[in-house]
Structure formats: structure tokens, C-alpha cells
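Undergrad:
There are 2 protein chains.
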Amino acid sequence: MSDRQTQILEAAIRVIAQDGVRGLRIEKLAAEAGVSTALIYYHFNDRAGVLHSALEFINSQAQRYTDNGTSPADPRAELEKTLMLEIQDNPDVRNNSIAWGELRASAVFSDNLREQLRTTTESWVDEVTTLINQARDAELTHPDIDATAAAERLTALVEGLSERWLSGSITVERARELVSGAIVAELGRI
Amino acid sequence: MSDRQTQILEAAIRVIAQDGVRGLRIEKLAAEAGVSTALIYYHFNDRAGVLHSALEFINSQAQRYTDNGTSPADPRAELEKTLMLEIQDNPDVRNNSIAWGELRASAVFSDNLREQLRTTTESWVDEVTTLINQARDAELTHPDIDATAAAERLTALVEGLSERWLSGSITVERARELVSGAIVAELGRI
Chain P
1 MSDRQTQILE AAIRVIAQDG VRGLRIEKLA AEAGVSTALI YYHFNDRAGV LHSALEFINS
61 QAQRYTDNGT SPADPRAELE KTLMLEIQDN PDVRNNSIAW GELRASAVFS DNLREQLRTT
121 TESWVDEVTT LINQARDAEL THPDIDATAA AERLTALVEG LSERWLSGSI TVERARELVS
181 GAIVAELGRI
Chain D
1 MSDRQTQILE AAIRVIAQDG VRGLRIEKLA AEAGVSTALI YYHFNDRAGV LHSALEFINS
61 QAQRYTDNGT SPADPRAELE KTLMLEIQDN PDVRNNSIAW GELRASAVFS DNLREQLRTT
121 TESWVDEVTT LINQARDAEL THPDIDATAA AERLTALVEG LSERWLSGSI TVERARELVS
181 GAIVAELGRI
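These protein sequences, in sequence, are chains P and D.
Numbered per my numbering, the first sequence spans residues 1 to 190.
Numbered per my numbering, the second sequence spans residues 1 to 190.
So this is what it looks like as C-alpha cells:
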């Protein structure tokens, strides 16, 4: 991806985080990114193309936080770190998290993003499943764990707690505490 | 609440479930409810008043599913039943769940509903905490459970899994299986 494309997608996430998916207009995005509308159409075709690419971009950024390319020395600690990185009170994580929640919420009403959202969710679940299996193999979990179900629950919990945090029902600290406790509930004490 | 008010709020939930919070216009609501716009203004003052009352109404309906006024004979079974009632593929539950998710998502962008949403969330968590404490007292959980944290997680998980279900990332059956498994992870096997 070119720097210009990255610049446009970063701007798209800021616009979605500020005004929601329904507030994303190409003119507004062009102004936020400091580029022409023509360049946006050139790279992304249309508004749906921007949303698709924004979803991929959020996912790739989340992987960038988590994927350092090596097999982790302590997979359980890595799992905790991975999940915690989604709930942090810094502007980039907050914007990514709001935009992700908005894309999820808009898929309830429109079929456009559903397939891609399902695939992206599965790839996140797979990543977490791998860490849980690595933790089990290193005897850092109870032995009869259902890694896939635990991964589905932990990631869905991160989504549910993120929405509570972002909508002001709980603090970011409480959301993080609850995720930590969920790892213990799912994997057992060590 | 009068039958007429109930009729308007049921219509509000259908409109929100179909078009989102941002699609709720008084004219549209009047048409859906089969009443005059004047009657809506009379009962709810303005659009914000409709949203407030709709949130209360969803919450009271959820309590109607769950609250039969007696102390349950099997509080753990009651807990499972309570959580499962939120994830069912029937039109009323689905509409309530979509509308709840929409109200939550819109609170990310606007301060209007935040306070009420926080209070409503807390009352739901309290209700589930009570059931977990009753289950612990009946020795239907492991003894050193943190009932409040477990209740916060189980309800946030129900919200996260509902959004995955409603946005087409998982089936309703899988969402229900995962909630069942979460109860075992949080409370222990019996």
C-alpha cells in the first residue's frame, strides 16, 4: 500500500470515529486527508471501496500491534498483551476501536460489509486460538481447554467491553481488569 | 404506562431495528405506530424523549422475560435462562437486541443517552450478580467467585456475541453455545 493510500485510510478511520460510518462522505474524507476527491476515487473506486479498505486496514493495524513474527516465549503473556492492546486510552487505539464498532454496527443494517467482517473476525479468532494452543502446549492452561471457543469468547468479550468503554458505561481500567479476569476464567490459574 | 404509549414504543423499537437510531424520525414513527405526530410529542416531548423511553422499555421487557417475582429454585439454571433469552432467533428478541446495540453504538457518538445507558447497564449487571450470588450460596459455583466481575463479563459477552450474531459473523446457535460455555468457565462445573 502506498503512503498516499495509508494517509487516506488513516483519515477515513478518524472520520468514522468522529461521525460514524454514516457520516463518511468522500468530500469530507478528502478534506480530512488533504487530498483531492479524484485521488480517493482513483484508489478506492467508491465509498464502499473506502469502507472495505478501512476494515482491512484496522485489522492489519491490530495485527501490527500483535504480530512480531516470532513464536512467543510466553504465549499466555502474549495473549494477554494482544487482547489488552485493543483496550487502551490512546487516540489511535480509541479511533480504531470506535471505527471497528461502527463497521460492525453498520453490518447489522446492510449486507455490504458482512462477508468481509465475518472473514476478518475469523482471522482474529484464529490468531487468538493459536496463542491459546501454544499456551496449552507449554502447560500454561488447564489441559482440556477448547481453544477455539475460548478465543471466540475472549475476542467477543473485548468487543462487548470496548463498546461499554467507548459509550461511557465503564472505565478503560475496569474493562482491562475484566479482560484479565476472563483469561483466568477461561485458561485457569497458573 | 398507557396502551397507547406501549404501542408507540413497540413501534419505535421496530423503526430503530429497521433503520437505526439515526433513521428514527417522528413522522416515520407516527406512521409505524398508526398515531398522530402530535400524540407522540404529547407523550414523549421530542425525539430524545422517545429514545430515552425506548431504552427504558427495552430494559423493562428484558426484565419481564427474566423476573417472575420469586426466588428461583435453581439460580444457576435461571442465570443461564436469563442470558439465553437475549439471544434467540425470534422477531421481538431480535428487534430488541438490534435496538439495544444501536442505542449503545449511538452513545459512542453522543452524550445524550450515556448516563441512562450506564444506569440501565448497571441494573442488568446487578440482576445477574444477584443470581450468581444465589447460585454460590446454593453451592452451585466454585466458592471464591467474584460475582460482580463475572456478571459484568457475562453480560458484556452477551452484548458482544449478539452484535456478531446480528451482523452475520456467527449463527445464533453458536452464540448460545458460547454463552453456555462462558457460564461454565466463570462459575465452574457442577
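Backbone N, C-alpha and C fix where the C-beta goes; we use that ideal spot for every residue, glycine too.
The model shown is predicted, which means the values in this text are computed figures rather than measured ones.
Is the Cβ of E186(D) closer than 8 angstroms to any Cβ of chain P?
TA: So yes, E186(D) belongs to the interface.
Undergrad: Could you compute how far the alpha carbon of E56(D) sits from the alpha carbon of V15(D)?
TA: Roughly 16 angstroms between the two C-alpha positions.
Undergrad: What are the start and end residues of each continuous alpha helix (DSSP H) run of 4 or more residues lying completely inside the segment 42-99 of chain D, in chain order?
TA: Segments of the alpha helix (DSSP H) lying fully in the segment 42-99 of chain D: 47-66 and 75-84.
Undergrad: Nearest chain D C-beta to T148(P) closer than 8 angstroms, yes or no?
TA: No, T148(P) lies away from the interface with chain D (no Cβ there is under 8 angstroms from its Cβ).
Undergrad: Output the boundary residues of the alpha helix (DSSP H) element that contains L157(P).
TA: Taken as a continuous stretch (DSSP letters only), the alpha helix (DSSP H) holding L157(P) covers A147 to L166.
Undergrad: State the start and end residues of the unbroken alpha helix (DSSP H) segment that holds S180(D).
TA: Per DSSP, S180(D) belongs to the alpha helix (DSSP H) from V172 to L187.
Undergrad: In chain order, what residues of the same chain lie with their CB nearer than 6 angstroms to the CB of A17(P), ignoring the 5 residues before and after it?
TA: Answer for A17(P): N95, I98 and A99, listed in chain order.
Undergrad: Measure the alpha-carbon distance for T37(P) versus H43(P) and round it to whole angstroms.
TA: If you take the alpha carbons of T37(P) and H43(P), they lie about 10 angstroms apart.
Undergrad: Using a C-beta cutoff of 8 angstroms, does T141(D) count as contacting chain P?
TA: For T141(D), the answer is no, since every Cβ of chain P falls outside 8 angstroms of its Cβ.
Undergrad: Report buried or exposed for I190(D), applying the criterion of at least 16 other Cβ atoms within 10 angstroms of its Cβ.
TA: Per the 10 Å Cβ criterion, exposed.
Undergrad: Going by the beta-carbon positions, is the gap between E186(D) and A150(D) smaller than 8 angstroms?
TA: Contact: yes.
Undergrad: Please list, in chain order, all residues of the same chain as Q134(D) whose beta carbon is under 6 angstroms from its beta carbon, the five residues on each side excluded.
TA: Cβ neighbours of Q134(D) beyond the five flanking positions: P75.
Undergrad: Does DSSP put N112(D) in a helix, in a strand, or in coil?
TA: Coil at N112(D), not helix or strand.
Undergrad: Quick check: what's the CA-CA separation for L161(D) versus G188(D)?
TA: Going from the Cα of L161(D) to the Cα of G188(D) covers about 21 angstroms.
Undergrad: Using a Cβ-Cβ cut-off of less than 9 angstroms, give me the residues of the segment 30-44 of chain P that come near chain D, in sequence order.
TA: Residues: none.
Undergrad: Does the Cβ of E173(D) have 16 or more other Cβ atoms within 10 Å, making it buried, or fewer, making it exposed?
TA: Classification for E173(D): exposed.
Undergrad: One question on the structure: do I40(P) and I26(P) come within less than 8 angstroms of each other, judged by their Cβ atoms?
TA: In this structure, I26(P) lies closer than 8 angstroms to I40(P) by Cβ.
Undergrad: Note down, in chain order, every chain D residue with its Cβ under 9 angstroms from the Cβ of S53(P).
TA: Within 9 angstroms Cβ-Cβ: nothing; S53(P) doesn't reach chain D, min ~19 angstroms.
Undergrad: In its own chain, which residues sit with a C-beta less than 6 angstroms from the C-beta of A147(P), not counting the 5 before and 5 after it?
TA: Excluding residues within five positions, the ones whose Cβ falls inside 6 angstroms are T129, I132 and N133.
Undergrad: State the Cα-Cα distance for the pair P143(D) and R176(D), rounded to the nearest angstrom.
TA: Using only the alpha carbons, I get a separation of about 26 angstroms.
Undergrad: With 8 angstroms as the threshold, decide whether the Cβ of L157(D) is near any Cβ in chain P.
TA: Answer yes: the Cβ-Cβ gap between L157(D) and chain P drops below 8 angstroms somewhere.
Undergrad: Roughly how many angstroms lie between the CA atoms of V125(P) and E159(D), to the nearest whole one?
TA: Rounded to whole angstroms, V125(P) to E159(D) spans 17 angstroms at the Cα level.
Undergrad: When DSSP labels each residue in this structure, what does A11(P) get in the three-state scheme?
TA: Residue state, collapsed to three classes: helix.
Undergrad: Would you check whether the ligand ATP has a heavy atom nearer than 7 angstroms to the C-beta of V179(D)?
TA: The model depicted lacks the ligand ATP and carries no ligand whatsoever.
Undergrad: Helix, strand or coil, according to DSSP, for R25(D) in the structure here?
TA: Of the three classes helix, strand and coil, the one that applies to R25(D) here is coil, per DSSP.
Undergrad: Closest to E122(D) by CA distance: which of M1(D), A54(D), R22(D) and N59(D) is it?
TA: Per the Cα distances, N59(D).
Undergrad: When the Cα atoms are used, what is the spatial distance from A30(D) to V21(D)?
TA: Their Cα atoms are separated by approximately 15 angstroms.
Undergrad: Which value, in whole angstroms, describes the spacing of the CA atoms of A107(P) and N112(D)?
TA: C-alpha separation (whole angstroms): 24 angstroms.
Undergrad: Answer yes or no: do L178(D) and E163(P) have a C-beta to C-beta separation smaller than 8 angstroms?
TA: Result no, Cβ atoms of L178(D) and E163(P) do not sit closer than 8 angstroms.
Undergrad: If you compare alpha carbons, which of G101(P), E127(P), A156(P) and T171(P) is closest to E78(P)?
TA: Taking only the C-alpha atoms, the option nearest E78(P) is E127(P).
Undergrad: Checking contacts by CB at 8 angstroms: is T121(D) closer than that to chain P?
TA: Closer than 8 angstroms: yes.
Undergrad: Verify whether the separation of the beta carbon atoms of A156(D) and E102(P) is less than 8 angstroms.
TA: Not a contact, by the Cβ cut-off of 8 angstroms.
Undergrad: What residues of chain P sit near S2(D), judged by a beta carbon separation below 7 angstroms?
TA: Result: empty, since nearest Cβ-Cβ is about 30 angstroms, beyond 7 angstroms.
Undergrad: Under 9 angstroms Cβ-Cβ, which residues of chain D neighbour A151(P)?
TA: The premise fails here: A151(P) is roughly 10 angstroms from chain D at the closest Cβ pair, so nothing lies under 9 angstroms.
Undergrad: Straight-line CA distance for L166(P) to Q61(P)?
TA: Spanning the two alpha carbons is a distance of roughly 19 angstroms.
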